[in-house]
Amino acid sequence: MSFDAPRVCDRIPDSPREKARITRRNKLLALAAALDDLGLRARIVEYTLRPTVLRCWNPAEMGRTISVTCERSTGAEPRWRFRREPGERLIADAEDVTGPDDALEAARAVAAALAR
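Counting from 412, one number per residue, gives the positions in the sequence shown under the working numbering.
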């Protein structure tokens, strides 16, 4: 049995907007994996009209969660950055994040914020 539909990972983004969405999601997944290495949990929440966020929490404690978004900054030199949502508090630079090892700095910042 054969399917004609391409796999999601093989598909080339059609537009810059779709490429940005895929990049944002991959960077958030890398942060989620880094958080898992620290013993924290995370879930991607995708909204249609609002930004995609990564909701993070400590399973050992009940209550507090932090939402993190990954957005490309504007200006002369645009860069990907992890920010707390809501608000514009910068967590870490995400430009070079391609995997969990690259996102450890941001994961430690999220863990520190959860510990407060």
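Positions of the beta carbon are idealized from the N, C-alpha and C atoms, including for glycine.
Owing to the predicted nature of the structure, the values given are computational and were not obtained by experimental measurement.
Rounded to whole angstroms, the gap between the alpha carbons of R432 and F493 is 14 Å. Here D507 carries a coil assignment [DSSP, helix/strand/coil].
With contact defined as three or more Cβ pairs closer than 8 Å, the region 440-447 and the region 512-525 are in contact.
Residue pairing by DSSP places T476 opposite W468 in a beta bridge. For A522, the enclosing alpha helix (DSSP H) has its first and last residue at L515 to A526. In terms of Cβ geometry, P470 and R483 do not form a close pair [threshold 8 Å]. In the DSSP annotation of this structure, the continuous segment of the beta strand (DSSP E) that includes E496 starts and ends at W491 to E496.
Within the same chain, R454, V456, T476 and S478 come within 6 Å of R466 by CB-CB distance, once the 5 residues on both sides are set aside. Put simply, of C481, R428 and G450 the residue whose alpha carbon is nearest the alpha carbon of E506 is C481. Closest in C-alpha terms to P489, from the list D504, E472, T459 and G498, comes D504.
Per DSSP, A487 is not a residue of any alpha helix (DSSP H), being assigned neither H nor E.
With 16 or more other CB atoms across the displayed protein chains lying within 10 angstroms of its CB, E496 is buried.
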